[in-house]
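Mapping the sequence shown onto our numbering, position 88 (from 1) lands on 89, and the numbers just tick up by one.
Backbone N, C-alpha and C define an ideal beta-carbon position, used for all residues, glycine too.
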Amino acid sequence: MRAASLLLLAITWTPASVLSAKPSSLVAAGGHVIWSYPGLTPPQSIYDAISAGHAAGVIFFGENIAGNVTHISNVVASLKAANAKSPTKLPLLLMTDQEGGKVRRLPGEPVQSAKQMCGNGTAGTGGTGAGLNLKSVGMNVNLAPVLDVFRTPGDFDDQWQRSFSNDTKKVSACGSEFILAQQAEGVAAAAKHFPGLGAAPASANTDLVPVTLNLTASEIRDIDEYPFRAAIAAGVKLVMASWATYPSIDAARPAGMSSAFVIGELRNRLGFRGVTITDAIEAGSLSAFGNYGDRAVLASEAGMDLILASARDIAQGDSIVTALANALDTGAMDKKAFDRATSRIVSLRKSFKRSS
Ligand SMILES: *[C@@H]1O[C@H](CO)[C@@H](O)[C@H](O)[C@H]1NC(C)=O
Ligand SMILES: *[C@@H]1O[C@H](CO)[C@@H](O)[C@H](O)[C@H]1NC(C)=O
Ligand SMILES: *[C@@H]1O[C@H](CO)[C@@H](O)[C@H](O)[C@H]1NC(C)=O
Ligand SMILES: *[C@@H]1O[C@H](CO)[C@@H](O)[C@H](O)[C@H]1NC(C)=O
Numbered sequence: 002m003r004a005a006s007l008l009l010l011a012i013t014w015t016p017a018s019v020l021s022a023k024p025s026s027l028v029a030a031g032g033h034v035i036w037s038y039p040g041l042t043p044p045q046s047i048y049d050a051i052s053a054g055h056a057a058g059v060i061f062f063g064e065n066i067a068g069n070v071t072h073i074s075n076v077v078a079s080l081k082a083a084n085a086k087s088p089t090k091l092p093l094l095l096m097t098d099q100e101g102g103k104v105r106r107l108p109g110e111p112v113q114s115a116k117q118m119c120g121n122g123t124a125g126t127g128g129t130g131a132g133l134n135l136k137s138v139g140m141n142v143n144l145a146p147v148l149d150v151f152r153t154p155g156d157f158d159d160q161w162q163r164s165f166s167n168d169t170k171k172v173s174a175c176g177s178e179f180i181l182a183q184q185a186e187g188v189a190a191a192a193k194h195f196p197g198l199g200a201a202p203a204s205a206n207t208d209l210v211p212v213t214l215n216l217t218a219s220e221i222r223d224i225d226e227y228p229f230r231a232a233i234a235a236g237v238k239l240v241m242a243s244w245a246t247y248p249s250i251d252a253a254r255p256a257g258m259s260s261a262f263v264i265g266e267l268r269n270r271l272g273f274r275g276v277t278i279t280d281a282i283e284a285g286s287l288s289a290f291g292n293y294g295d296r297a298v299l300a301s302e303a304g305m306d307l308i309l310a311s312a313r314d315i316a317q318g319d320s321i322v323t324a325l326a327n328a329l330d331t332g333a334m335d336k337k338a339f340d341r342a343t344s345r346i347v348s349l350r351k352s353f354k355r356s357s
């Protein structure tokens, strides 16, 4: 049993397909992938992937930090040292979910929830606090703020007070304040979850189950997308797409796999020019869309720039990089669109040169 599982580990960690993809394609593909790892100590395999140029960045969770800022600062520094050996020489995107209130991976600011910040007029203070906090441990991207406009007390967003308000104008104002203040500290913000999960009931968690939100196109545009306009005007660096399906605009694909949303709504209607990032590729809502690699290719084809491999499993990062590299090598994926995504990611990474 033990020998068998060791063998399985060896197989998963050295996928045969890595050997078949072109080394340059693996680096190109890796530049689109955010990796994650289990527990407190990153395994050697993530350092190797970073040094080989197969990672654009790393997302950190509570289990990686365990409330110890000295520990995570040391880990971040060691990942940067591994990255110094990579062929790309671009700063890593080092990120976490520091929304405020209950959704915080680091101890400290923002202590208030989004709802409390907006109610108290302290969204700017919260954004500054989040920026200073991430910067102090060497991170440069916060997967916040949530720009969902919640509908019903206690629903998916409101149960943890993750939504600033049920009023789209207030979400818009508080969200932009948070973004401006945080980005002034040199930490990029990721407005989420485009076009909005505010209509999701408490049970509708895309991490676990497929979620369909039956909103009209005008509700989506006038209520849910509204705060993203102000966020884009405020210069938000990233937008994270939701994994819910919105049949009035695209009945077949969740937003993060739908060019109707990523290109049609976000880039063409709202004019966003920054970096798009998926929500967790391992999300239960994506069970109908194949393995992690298949999902990453579908999201990339729809126009998503960064793929979030957040299962805290090195094999997941590996399999996604391999799938994207193979799709590039076989011509299954549009190389020109992929290269445009790469240049957006490269610009973002270069913007951190001075601070990292
Ligand atoms: C925090 O991490 C540091 C550095 O790894 C370690 O020396 C220290 O013992 C840790 N503190 C706690 C309370 O675990
Ligand atoms: C202001 O923040 C405090 C916690 O710091 C919270 O108890 C209170 O409900 C907030 N006020 C509003 C109007 O949200
Ligand atoms: C938001 O909630 C408040 C009560 O907390 C309610 O008075 C108000 O009508 C709601 N606004 C919207 C737009 O639903
Ligand atoms: C939207 O409609 C579908 C099909 O009728 C249903 O399965 C789903 O639960 C609805 N979504 C919500 C959030 O009510």
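{"Check": "Those residues which DSSP pairs with T97 across a bridge", "Outcome": "F61 and N143"}
{"Check": "Endpoints, alpha helix (DSSP H) assigned at V1", "Outcome": "Nothing about residue 1 can be read from this structure; the chain reaches only from 2 to 357."}
{"Check": "Contacts around G130, its chain only, beta-carbon distance under 6 Å, and the 5 residues preceding and following it disregarded", "Outcome": "E110 and P111"}
{"Check": "Residue(s) in a DSSP beta bridge with V104", "Outcome": "G101"}
{"Check": "Of the listed residues G58, F62 and Q117, nearest to K90 (C-alpha basis)", "Outcome": "G58"}
{"Check": "Pair within 7 Å by beta-carbon distance, V240 and T277", "Outcome": "yes"}
{"Check": "Local conformation of M118 per DSSP, three classes", "Outcome": "helix"}
{"Check": "Validate contact between the region 171-189 and the region 113-121 using beta carbons, cut 8 Å, 3 pairs", "Outcome": "yes"}
{"Check": "L209 versus W244: straight-line alpha-carbon distance, rounded", "Outcome": "11 Å"}
{"Check": "Buried versus exposed call for T217 [16 or more other C-beta atoms within 10 Å across all chains shown]", "Outcome": "exposed"}
{"Check": "Through-space distance from L271 to V263, alpha-carbon basis", "Outcome": "10 Å"}
{"Check": "Helix, strand or coil at I282 according to DSSP, with G and I counted as helix", "Outcome": "coil"}
{"Check": "Beta strand (DSSP E) segment containing I308, residue limits", "Outcome": "L307 to L309"}
{"Check": "F157 to T207 span [Cα, whole Å]", "Outcome": "10 Å"}
{"Check": "Coarse secondary structure for F179, derived from DSSP in three states", "Outcome": "helix"}
{"Check": "Cα-Cα separation between S37 and A78, rounded to whole angstroms", "Outcome": "16 Å"}
{"Check": "CB of R163 within 7 Å of CB of A200, strictly", "Outcome": "no"}
{"Check": "Nearest-angstrom Cα separation, counted from H194 out to R350", "Outcome": "22 Å"}
{"Check": "Which of helix, strand or coil DSSP assigns to K90", "Outcome": "coil"}
{"Check": "P196 and I180 closer than 7 Å at C-beta", "Outcome": "no"}
{"Check": "Neighbour-count burial assignment, K86, 16 or more Cβ in a 10 Å radius", "Outcome": "exposed"}
{"Check": "At least three beta-carbon pairs within less than 8 Å, the region 330-342 to the region 52-69", "Outcome": "no"}
{"Check": "T42 Cβ short of 6 Å to ligand 1 heavy atom set", "Outcome": "no"}
{"Check": "CA-to-CA distance, L148 to D168, given in whole angstroms", "Outcome": "11 Å"}
{"Check": "P44 versus A185 - alpha carbon distance", "Outcome": "33 Å"}
{"Check": "Neighbourhood of L309 by C-beta distance below 7 Å, restricted to the same chain and skipping five residues each side", "Outcome": "I35, I60, I278, T279, D280, A281 and I282"}
{"Check": "C-beta contact flag for V237 and A190 at 7 Å", "Outcome": "yes"}
{"Check": "Limits of the unbroken alpha helix (DSSP H) element including A191", "Outcome": "It is not in any alpha helix (DSSP H) - A191 instead sits in the beta strand (DSSP E) that spans A189 to F195."}
{"Check": "Ordered list of alpha helix (DSSP H) runs contained in the region 308-339, each at least 4 residues", "Outcome": "315-331"}
{"Check": "CB of S46 within 7 Å of CB of I315, strictly", "Outcome": "yes"}
{"Check": "Euclidean distance between Cα positions of G40 and N69", "Outcome": "13 Å"}
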